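Mapping to this note's numbering: the sequence shown position 76 is 205, numbers consecutive.
Even glycine gets a Cβ: it sits at the ideal position worked out from N, Cα and C.
Bear in mind that the values here come from a model prediction, so they are computed numbers and not experimental data.
Read the structure below first, then the notes.
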Amino acid sequence: MRPTIALAALCICACTSSTDSEITDATVPPAPSAVADACPAARPDFGGPATAADRALFAYNASAPLNLQTTVDSTSNGVEFNTIAFDSPDGGSVPGLLTRPTGRPGLRPGVVVMHPSGIPTAPIKGARLAMNEMAALARRGAVVIGIDAPYFRRGGSNPPTLTALDRPEQIQLMKDLQRAVDVLLAQGNVDPARIGFSGYSYGGMVGVHFAGIERRLRAAVIMAGYGGSVTLLTTKDRVPGLPNIPCATRSVWFRDNVPIEPIRFVSGAAPTALLFQIARFDTAVPLEDAQAVYDAASNPKDVLHYDTGHGLSPQATVDRFAWLARQIGIDP
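In structure tokens:
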């Protein structure tokens with residue numbers, strides 16, 4: 130049995146609004162009590178910005194066939210909802226969703242939306258956790274894609290698992306998201322100069338990483354995001370629980386995952402414009418950790434703070450869409 134530590138379930142709720150996305154707070158369990166251990170219980174040194182060798186881990190064959198499969202599920206309120214699947218560069222099929230506006234001729238902006246974390250066995254999971262954000266963006270004229278993270282495809286625990294799964298699944302996710310941009314461009318009506326990204330919580334953390342890798346992004350919104358799985362495991366409230374993880378397990382996991390920690394990549398996001406939406410009273414992502422990601426990011430960048438918890442607020446939705454309207458031309 131693998132060692133465990135209490136971690137936040139950073140999830141977005143199913144939304145009730147018929148027009149816009151809504152985000153709710155997450156409940157964070159208390160950190161476990163510490164026990165004696167020889168290893169230091171602290172955040173490891175991330176070693177500065179990512180190197181060229183680090184970035185090379187996420188290279189993929191862009192000329193490989195997508196083998197895209199698309200099924201129209203429904204059309205409602207000017208939005209067509211599609212279930213999709215395409216080949217992953219690291220093997221297997223990537224399931225996801227595609228929403229597009231109906232009756233909107235000409236080139237449209239495209240947006241990649243990354244879901245928050247969730248339980249693989251839950252009725253609503255994967256890209257469907259972000260369906261309201263995807264639909265809201267499509268109503269504003271964008272063609273939108275969302276994919277399931279690799280952990281949803283295998284079932285089991287959400288990341289970090291503190292096992293050998295975490296590193297390859299993060300690498301695969303970055304490759305799959307690059308392929309998701311390929312899928313957007315394959316639609317034929319997506320403007321390659323107006324590609325955006327939106328991600329909340331776990332999805333925001335993924336965006337911190339993705340913005341530093343994908344050169345085709347014009348703009349990216351990071352909502353209540355954090356620096357990565359290592360950062361999440363070593364927030365000030367969770368460090369006391371590190372001694373509950375055997376020293377050898379911890380050392381190997383840090384060795385494998387520190388080099389791909391997203392905060393190391395966000396300094397290379399330019400020229401992608403970045404918007405960080407940060408909650409001042411977030412109990413899942415400490416304010417200083419959220420601010421550290423913003424500080425590490427390259428310019429151009431903007432930050433908006435909200436006097437809320439992890440779920441942000443309706444004003445954050447208004448602000449996010451207004452910013453994307455300026456950056457990639459969605460309807461305001």
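Bounding residues of the beta strand (DSSP E) (the contiguous stretch that carries residue i)
{"i": "A348", "result": "A348 to M352"}
{"i": "R237", "result": "R237 to M243"}
{"i": "F215", "result": "V208 to D216"}
{"i": "L433", "result": "K430 to Y435"}
{"i": "D202", "result": "Q198 to S205"}
Check whether residue i and residue j have beta carbons under 8 Å apart
{"i": "D295", "j": "G356", "result": "no"}
{"i": "D216", "j": "L186", "result": "no"}
{"i": "P391", "j": "M334", "result": "yes"}
{"i": "P289", "j": "L361", "result": "yes"}
{"i": "G270", "j": "D460", "result": "yes"}
{"i": "G232", "j": "R323", "result": "no"}
{"i": "Y435", "j": "S442", "result": "yes"}
{"i": "A309", "j": "I276", "result": "yes"}
{"i": "A398", "j": "A340", "result": "yes"}
Residue span of the alpha helix (DSSP H) that contains residue i, given as start and end
{"i": "E298", "result": "D295 to A315"}
{"i": "Y280", "result": "P279 to R283"}
{"i": "T378", "result": "C376 to N386"}
{"i": "A408", "result": "Where A408 is concerned, there is no enclosing alpha helix (DSSP H), although the beta strand (DSSP E) it sits in stretches over A402 to A408."}
{"i": "N261", "result": "M260 to R268"}
{"i": "R184", "result": "A181 to A185"}
Selection from the options that minimises the alpha carbon distance to residue i
{"i": "Y423", "options": "A315, F394 and R323", "result": "F394"}
{"i": "I189", "options": "N287, P218, G176 and F175", "result": "Sequence check: residue 189 is Tyr here, not Ile. Minimum Cα distance to Y189 is reached at P218."}
{"i": "P321", "options": "F339, L346 and W452", "result": "L346"}
{"i": "K430", "options": "V319, Q420 and A278", "result": "Q420"}
{"i": "S192", "options": "P461, L441, A315 and A349", "result": "A315"}
{"i": "L469", "options": "P224, H439, A445 and E209", "result": "Because the chain is modelled from 130 through 461, residue 469 falls outside the range shown and cannot be assessed."}
{"i": "F405", "options": "G207, A425 and D183", "result": "A425"}
{"i": "S203", "options": "P230, P238 and G220", "result": "P230"}
{"i": "T437", "options": "A251, M352 and N386", "result": "M352"}
{"i": "S358", "options": "K304, A408, Q299 and F339", "result": "Q299"}
{"i": "I248", "options": "L302, S286, D448 and R233", "result": "S286"}
{"i": "R257", "options": "M243, R268 and S396", "result": "M243"}
{"i": "T363", "options": "L403, P415 and A259", "result": "P415"}
{"i": "N211", "options": "V312, G458, A179 and Q307", "result": "V312"}
{"i": "R462", "options": "T228, S246, Q301 and A259", "result": "Only positions 130 to 461 of the chain appear in this structure, which leaves residue 462 out of reach."}
Coil, strand or helix - residue i by DSSP
{"i": "P461", "result": "coil"}
{"i": "S358", "result": "helix"}
{"i": "G370", "result": "helix"}
{"i": "F175", "result": "coil"}
{"i": "V414", "result": "coil"}
{"i": "R345", "result": "coil"}
{"i": "L291", "result": "coil"}
{"i": "P224", "result": "strand"}
{"i": "S427", "result": "coil"}
{"i": "D219", "result": "coil"}
{"i": "S327", "result": "strand"}
{"i": "A322", "result": "strand"}
{"i": "D448", "result": "helix"}
{"i": "C168", "result": "coil"}
{"i": "P391", "result": "helix"}
Residues sharing a beta bridge with residue i, DSSP
{"i": "E443", "result": "Glu is not the amino acid found at residue 443; the sequence shown has Pro there. None, per the DSSP bridge assignment."}
{"i": "I276", "result": "G225 and M243"}
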